[in-house]
Structures are given as C-alpha cells and as structure tokens.
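>
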Amino acid sequence: MTKKKSLAAFTLVVFMLINLFYFFPPKQTFAQGKTKLIIHYAKDPNTNKDWNLWIWPAGKDGKKYEFTKKDNFGPYAVIEFDESYDKVGFIVRTDDWEKDVAEDRFVDKFKDGVAEIWLLPGDPEIYYSKPDKKNSAPVELKEKTKVTVHYYRYDGKYDGWNLWIWPFGKQGKGYNFTGKDSFGVVGTFVIDDTLGVDKLGIITRRSEPNNDWAEKEFGDRFITKFKDDGSAEIWLMQGDERVHYSMDTLDLTHKLVSASIDGISTINIEVNFPFEINDTLKYKITIKDNEKTYTIKEIKVDESTKVDNKARRLSIVLNEKLALDKTITVEFKDYGTKTATFGQIFSSKEFDELYFYSGNDLGANYSKEKTTFKVWAPTASEAKLVIYSKWDDKQGKELAMKKEEKGVWSYTLDGDQNGTIYTYKVKIGDSWNEAVDPYAKSVTVNGDKGVVIDLSRTNPEKWNPKSKPQFKNPVDAIICELHIRDLSVHPDSGIKNKGKFLGLTETGTKTKKGTPTGLDYIKSLGVTHIEILPMFDFASIDETSTKPQFNWGYDPKNYNAPEGSYSTDPYNPMSRVSELKTMVQTLHDNGLRVIMDVVYNHMYSAEAANFNKLVPGYFFRTDASGKLTNGSGCGNDVASERSMARKFIVESVVYWAKEYNVDGFRFDLMGLLDIETMNTIRAELDKIDPSILIIGEGWNLSTALDDSLKANQKNAEKMPRIAHFNDTIRDGIKGSVFNHNEPGFVNGSRSSQFKVMSGIVGGIDYSSGISTWGNIEPVQSVVYCEAHDNNTLYDKLKFTNPNASEEEIKAMHKLAGAIVLTSQGIPFLHAGQEFMRTKQGNDNSYNASDEINRLDWDRKDQNIDVVEYYKGLIELRKNHPAFRMPTAEMIKKHLEFLDTPTNVIAYTLKDNANGDKWKNIVVAFNGTEKEQKITLPSRGKYCVVVNGQKAGVKTLETVNGGTLTLPPKTAYVLYEKTTNYTLVLSAIILVGMLGFVGYHMYSKLNKR
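Oh and the sequence shown: position 613 is 1042 in the working numbering, straight run, nothing missing.
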C-alpha cells in the first residue's frame, strides 16, 4: 500500500470514529460495584453561609463532604463510593447543622452506578435535569398567606385527619379540611402572621375528642414554593413524605404499599388503590423466597377497608412456615412486586419460642486466654466476625461464625484480645450488612467499630465501687442537671480539661476574679445528685474534628460505650472508659451521686442503627402499613416490648450500674417504653443497690404500643418507685413551655394555683382537685420548673413579662425556686438556674453554640444573691425532713392547706411531720403583685427562716399574732416557736428531786 493510500485510509477511519462518537456519545458509567453521585447546588447569592453536604448510603453511617468544584450553575461535589448503592441520603447544611431544607432527601435514580442531581436553595425538590435558576430566589411572604392543601389517603379514612400549620419560627394552629375533590379532601386556609418568613411548617395529624395529637404522619414538613401572588398550593399523599407542588410529580400507579410478615405462616398486604374482591384473588398472588414458592392456604379480606366490592388490605395464610432467613417476595398481579418485611411476627409468641435467647453472654466475652464473640441475628443465613488492624481500615479479616441455638452466632479467638477492633457481618436475604456489636463496651473514634477491652485495666487508681455517698430515700435527693461541656467550656472557667469528663474532676478551679467554678461550685450548692446529659456514644459529634462542636447527645449510636468527644483521646478506646470512671469516682469522693441520662426510646437513625443491620425490623416499631412510628420525633421508636429489645435495655442499664457505679438513671421519653421493661429494670437495680434512682419523662406519646402498656404518667401507679417529671407543677409555676407568652403562678396567671398545689403535695391523690396521676407516692414525682429542654426559667419570665424590671424578674425567679425546693417529692434543678441562667431565648439549644449553652460564671457573680437564696433553700430542705415525707399517707396526715386569697398558696406541715424537730411549719407563696395577708393557724410566736430576700435555717425575723403579711411575689417559710414541755417537765422533776434530797439531808443534820 502506498503512503498516499495509507493516509487516506487513516483519515477515513478517524472520520468514522468522530461521527460514531458524535452520533453515539459514550454513556457516563462507573466502575462495576461502585457508586458516583454528583450534586450541583445553586447557592443563594444573598447569603454567605458556608454550606456543605452530609451524605450517607441508605442503611450506612453519614459523613461530611465539601462542595469542591464550581460551574455556571454553582458549586458542586463529586462523591464516590467503593460499593454499589441504589439509594443515598443527603442533607445540605452548615457545620452548626443549620439545614437548607428541613427533611432528609434521598437520591434513588442511578444509571450504571451514576446519579447527577441539581438543587435550588430552600427548595426540597430533587432535580435530575438542570432547572432554571431564576426560580431559586425565596419569596418573602406578606402578613397573610393563602394555602390550598389537597390530601389523599389510600385507606379512605379521613375522619379526624387535619393539619397543623405554622409560619416558620412562630406559633402554629390547627386547620380542618373543608371539602372533597377528585383527589381526596381539600382545604383552603389563610395563615396569619407570615410577614417576613420564607416557609410554612405543616404536619398531617389525626385528632380525637380528648387528644389533638392522637397520631401524626411524618414529622415537620415545609412549604417552600409560592406563586407570584404569594399563595401556595400543595398535594399530600398518605405514605409519601414529599410535599408536591403539582399533581405531575405524584406517583398514582397501582402498587403494593406494604407486605408484612405477621405470623410464621401469615403475610398481610396493602395496596394504594382498591382491588376487586373475587375468587381469582388467590391466583393473582405469588409468594416465594430464594429457593421455593409457597402455596396459599387461605386469603382473608380486611373488612375495615372494604367499600362495595373492593378492598385495600388482605391477609394471606400459607400452608408452609416461612423461612425467616430468606428474602421473601410478594407479587400481586397489576400491583407489582414487593419484598416482605418483618411485622408483628417479631411480637409473636411463636417467634419468642423459636428465638428468645436467655443467656447473658452476648457481645465480646473477654479473658486473657480467649475472647468469645456472640451476636443475635436469627434472620441471617450467614454471619462473620470481622477483625481490623486500625480504626480506619476499610477491609478486615473475615471469620465465619458458627450458628448456635436461638438465632445466636459465635466465634472464639484464642489469646489476649485486649484492644482488638471488630465488627459483625450478617447476610440478610441476598445482602451483607456490617454492624458494630450492640454490646460493644468501647469503640473506635466516631463509634464505627467495636473494641474488645479488658475492663480491669480501665479502673482508676482509687476506684472503689463499694464506696459512695450515703443515701436512702428518693425524696432525700436534690438533683442538679448538667451537660459535660456546659460546665467547663467557658474561657474563664479556670478548668484545664474543657468539655471533657476530666473537667468534672478538677478541684480548686476559679475565674480570674477568684470565683469558684466547676466541681467546687456544684458541690457548694449542697445538691445530692448530678444528672448528666447523655454520655454514651452518640452520633452527632465528629470526634476527629478539633473545631468546637456542641450537642446534647440524644442521638444514640453505641449504648454501652462512653462518648469519645468527652475523652482526652477519642482514638484510644481505653481513655473514654477510664476517664468516665475517674469522673464518677471523683464525684463520689466529693459527696455527689451520679445519675446517667439514657435514651433507649430511639436511635439516631433506625436505618443505620447496628440493631437494624443485624436484625432488620426487629428493634423498631412500625405502624399497620409497615412505616416506622415516630413518637420520639426523631424518626423511630425502639420496640422495648419485644423480648430481645427489652433484654438489651435491661442488661445495658445493669452494665452501667455495675461497671461504672452509676447511682441513677433518667429515662428520656420514658412514655415510649413499656411498663414491663421499666419494672424489670427497677427489680434488677434493686438487686444491685435499692437506692439507685429511676426518673423519666412519662409523657403520653403516639406510638404503636397499647396505651395500657406505656410507661407514662397515666400508668404511674403501675410502676412503683419509678419517678416521672411533673409537668403539672412545672407549667403551673411558670406557664406552658409550648407557649412563650403564657404565664403561670409566679408570673401573672390567676388560674394556676391548683396546678402548683398538686405538685406541692408530691403529685399524690391528695383530694378532689389536688392530684396528678392517681394513687401514687411522692417518690414518683420529680418537681421542677427548668430543665435543659425549653426556655430557661429566666428567659420564660422575660417572655411573659417583657416590661418587668430585673429586680421584679429576680423576685419571680426566687419564688419559683422556693416552690420547687419546699415541695414534697424529688426536687430537680437545671445547672445555672440558681444564677438565673439564660440561653438568649433559645428554647431548643440541642446543637447551639457554646456561647448559648455554657455556664456563664460572670452571670453567677452578678446574681450571687439568688445563688445564696437557692443554697439556703437547699440547706433548709436537707435539715428538715418535713419537706421530704416519703409516703402519701404521711403527707395527707401532716400537710394541710390554709384558706388564702386567689393566687396565694399557704399550708402547714404540722405535728413534727416526718420526725422534724420543728413542730409546726408554715409555708406561704404570694403570686400576686400586691401585698397579701393570711391567717396563721395559731396566735403563737413564729420564726421566719425564708422571706423574699434570704433563705436558710437561721431566724431572719419573728412574727407575733395570727396574721402574716406577704409582700408581692415572695415566699415565706416560718416555724412556730413552741415551749418544749418535755424539757420543762424534766427540769421540774429534777428540781423536785434535788429539793427532796436536800430536805432529807437537812433533816438528818438537824437531828444530830
């Protein structure tokens, strides 16, 4: 071939290749088994916020990613994963967790392992093609906003369903649907007070006659798209969390909504649009697993969903038992295919009989000679122990575990495994899930892997678990609630280990002005117990970051391991354990008992939780449609009523009590747990130490648990020696925590008197109109008016009385503290309450800055008189058992209310109540803005020990006669000065005897 022909041939080939690529451009693909996600974000030009991404593959842990590139649309990020995923969650946020859009969003449209999306600021829509940026600017609303809401329920049940709508950052209101349309029900509403806001919050809820919040679907959602005239029109659909701004985005195809395994041979299914009821139904349904097809014995139509000759739910009974370790699918002709999930089968007796494991050896059982690992995973077909060399290794050594009885898998490693890093992998259906051992006693940094530790090596030098401050009766407790970081992080705290467990061990710390801080200060108050906000391993703090980060920690990740960010070395699995023990021992050495705040009612993410990876669906409650319940408001509720969930919770609490010598437990949202679990915990703790306290939030919350089984206030009498936070007296003292401007007894209400009185008596069934939760004892009532939740007392008083002077606010504050510390029951204070702590009006500071949350020692100096007042009240309570009566019977016998004017409360603690040395004590509270007079029970002489200025046990003044004048907004405590007739009689007898002896001696001398 000549050079000329060769050149022509080469040119032709190049031309053909160019045309081939022009007409058939190469597809964007990614390496097989990997995932690429490209996220474009049109940043709002009117803000300088530093946005980044929090991204997690469905069922996995999340991680921060930055926008590292930029094009003409805006910044974008390219994220690559080494595994194949078909669903990835993301949040656009700042490092302070301010979110661009409130709800979690998910990318689920991948092609050849790649997905590319575009996002507009404040717009929840995920765009899979580039949108017009001109629509991205938020609309500022006018004073009133018209909203039209269309709502469809495929169950056809609209009775009681309504809407709760609020302008962002403002008060909400309920709205009822007003009509029907071809879609479902509809309502058009005018929302007030919307000036200046850029979104409206909305909740779909179901109300009952006595409960406006009987049920809600999903959490907070937001309307963020408005028309040019400022109005909005949206479509909502049962089971679909998205807010739709057009019917075009609704999925109205016929499909299976749920397929739930509710018995060993029973599957219940639900569809979104009704099916015809006829004899052919049985032949339209196919149920199979990886290996076989099941035969249908019977089909039962759910009559409650039946309309004419159509229905939406039915129950399928099989001839065979389902293989629970296989992937089971349901195919319904015209409705598609759905993988069956585990439902009520997990709560059944037959499941318990097959899989309840009673052994006490789950987790890593360490000895110097060997460590045996055991994990409960009854629905897994295989299980592996994975051993890692370093905390950040992506691959580990996999060891096949042996299947034992009751769904337990085990593996034994010989030799001393102290420090061994490990996880478990289980095969569920066709997929492998990797998870941290739920029983792990320590973890790597950020809690992504478990670590075997020799606990004996973590004990501090002076560890003495048998020695703790003396304490017997729960009502003798005075609790102070504290966050590890709050106490020490102030720049002028004088504490070296700021934000750490060890910060609570430092003594002699002072500000530059010489003011005592930290442990010395807390100890000086005279409280008996420190209740510490969550200190188990939680998910919201990046332990590898050196930037300041704050979170309360109500997002559990690993229940049995301490939080790493509170240790001096989160990379060392031993440090977090030994330093927490050192803190507990130091507090004990300083006369303070320790209450641990525990959060067994929910986890930070059900999908990513270790429990859910090991046994999908077992540990979390679902509703009838198979969706997670959300009574916690955190996306999930732990199914404590299931035997293995209950077993874990009980064993976890016992572990903390034994290994860390913890003296009490505060149960977050206890009302979501079940009564049997709580009573079992009480019984197990009694075996260790009956003086261990249990207190909890017994709120009545909506979850898939029968009301009679909930561990809430309504069932308090079924849970002896378990205390509930008394929100009756809390709201009675200062007004509702859900309405900033609503006052209580101390700040202007004239209708809160009986609420306060109900708390003063310890919540017992004292009389008609003065009671809380039935036949309970005072040890079951936690009396408080401030906690980490909601506004501080000072901020609440500022909201309700914006024109009050600082001195007037101070008087109300002292009055509130006096009510709490003289009431029967268990008094509870929030650290800093005694110096009028402020969070600058922030009523939910769970992730706010240190500047908002930290204890301000300068403020303590400014309000030292209030500090001394609280200390005096504590001294009074500790020295006088009349304020600490342990039984309802004793309170009814010795506490008697006096006749008073409206918004004045007075009562006597009479006849040496509870063995008190003061025979008759009078306590009086004037909630009015005027001077008030009350009649004392007798005309004797009274010694005042508490007034509006000072408090304690020393006499401040004396009162003669039968009347007491109470200045406005003040508390008074006085005792009747009585003659001790026993001493007088003894003296008379002694004088008489001496006289008798003297007379006889004199007579004898005279006879001589």
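The C-beta atom is built at its ideal place from N, Cα and C for all residues, glycine as well. Here the structure is a predicted model, which is why all the values come from computation and not from measurement.
Check N1019 in the structure and name its three-state DSSP category.
Three-state DSSP puts N1019 in coil, outside helix and strand.
> Taking the alpha helix (DSSP H) that T1228 belongs to, which residues open and close that run?
According to the sequence displayed, residue 1228 carries Phe and not Thr. Per DSSP, F1228 belongs to the alpha helix (DSSP H) from L1222 to T1229.
> On a CA-only basis, which of V1027, R1022, R1050 and V1023 is nearest A1035? Give me that one, please.
When each option's Cα is compared against that of A1035, the closest is R1050.
> With a cut-off of 8 Å, do at least 3 Cβ pairs link the segment 950-962 to the segment 1284-1303?
As far as the Cβ criterion goes, the segment 950-962 touches the segment 1284-1303, which means the pair count is three or higher.
> Given T1329, which residues of its chain have a CB within under 7 Å of its CB, disregarding the five upstream and five downstream residues?
Taken in chain order, the residues that qualify are A1335 and I1363.
> Below 6 Å CB to CB, which residues in the same chain sit around D984 once its five sequence neighbours on both sides are set aside?
These residues qualify, in order along the chain: F967, A968, S969 and Y1033.
> DSSP has A1380 in a bridge; who is on the other side?
In the DSSP output, where bridge partners are listed per residue, A1380 has V1375.
> Taking all protein chains shown into account, do 16 or more other C-beta atoms lie within 10 angstroms of the C-beta of R886, making it buried, or fewer, making it exposed?
The residue is exposed, with fewer than 16 neighbouring Cβ atoms inside 10 Å.
> Just how far apart, CA to CA, sit E1386 and T944?
Cα to Cα, E1386 sits roughly 31 Å from T944.
> Which whole-angstrom value is the C-beta distance of I924 and E910, which I expect to be below 8 Å?
With a Cβ gap of about 19 Å, I924 and E910 do not count as contacting.
> Is it buried or exposed for R1071, if we count other Cβ within 10 angstroms and need 16 for buried?
So R1071 ends up on the buried side.
> What would DSSP say about T1058, mapped onto helix, strand or coil?
Three-state result, T1058: coil.
> With three or more C-beta pairs closer than 8 Å as the rule, is the segment 587-598 touching the segment 545-564?
Contact between the segment 545-564 and the segment 587-598 is absent, because fewer than three Cβ pairs lie under 8 Å.
> Here's a check: name, in chain order, each residue in its chain whose Cβ is nearer than 6 Å to the Cβ of P454, leaving out the five neighbours to either side.
Residue placement at P454 is flagged as unreliable, the pLDDT there being 43, under the threshold of 50; the coordinate-derived value follows with that caveat. So the list is empty, once near-sequence residues are dropped.
> Any idea what DSSP makes of V686, helix, strand or coil?
In the structure shown, V686 sits in a strand (DSSP, three-state: E or B).
> Please classify I1205: does DSSP put it in a helix, a strand, or coil?
Reduced to three states, the DSSP call for I1205 is coil.
> I need the boundaries of the alpha helix (DSSP H) containing R650, first residue and last residue.
No alpha helix (DSSP H) contains R650, which is instead part of the beta strand (DSSP E) from N640 to I652.
> At which residues does the beta strand (DSSP E) containing G630 begin and terminate?
Segment L629 to E637, the beta strand (DSSP E) holding G630.
> Three-state secondary structure (DSSP) at P945?
Strand, per DSSP.
> Please report how far the alpha carbon of P1074 lies from the alpha carbon of V1082, in whole angstroms.
First, the residue type needs correcting, since residue 1074 is Ala and not Pro in the sequence shown. So the alpha carbons of these two residues sit roughly 13 Å apart.
> Check Y995 in the structure and name its three-state DSSP category.
Helix.
> Thinking C-beta only, is V918 closer than 8 Å to R1283?
Yes.
> Along the beta strand (DSSP E) that carries V1067, what are the first and last residues, could you check?
That residue, V1067, is in no beta strand (DSSP E); it is neither H nor E in DSSP.
> Would you mind stating whether V904 and I1255 have Cβ atoms separated by less than 8 Å?
Taking 8 Å as the Cβ cut-off, V904 and I1255 qualify as a contacting pair.
> Taking Cβ positions, are F510 and W547 nearer each other than 8 Å?
Going by C-beta atoms, F510 is not nearer than 8 Å to W547.
> Alpha carbon to alpha carbon, what distance is there between E554 and F535?
In a straight line, the C-alpha of F535 is about 11 Å away from that of E554.
> Helix or strand or just coil, what does DSSP make of T1316?
The answer is coil: DSSP assigns T1316 none of H, G, I, E or B.
> Fully enclosed by the segment 941-988, which alpha helix (DSSP H) runs are 4 residues long or longer?
Runs of the alpha helix (DSSP H) inside the segment 941-988: 947-954.
> According to DSSP, is G937 part of a helix, a strand, or is it coil?
G937: coil per DSSP, three-state reduction.
> So, K1139 versus G1173, is the Cβ gap smaller than 8 Å?
Cβ atoms of K1139 and G1173: not closer than 8 Å.
> Is L624 helix, strand or coil by DSSP?
Three-state result, L624: coil.
> Is the segment 864-876 close to the segment 1208-1217, with three or more CB pairs under 8 Å?
Not touching, per the Cβ criterion.
> Going by alpha carbons, who is nearest to G848 out of K799, Y840, V837 and I725?
Checked all of K799, Y840, V837 and I725; the closest Cα to G848 is K799.
> Compute the Euclidean distance between the alpha carbons of V855 and N862, then round it to the nearest angstrom.
Their Cα atoms are separated by approximately 5 Å.
> Can you tell me where the beta strand (DSSP E) holding Q384 begins and where it ends?
Not covered by the structure: residue 384. The range shown for the chain is 430 to 1437.
> How big is the Cα-Cα spacing for N1041 and K823?
Going by the C-alpha atoms only, they are around 21 Å apart.
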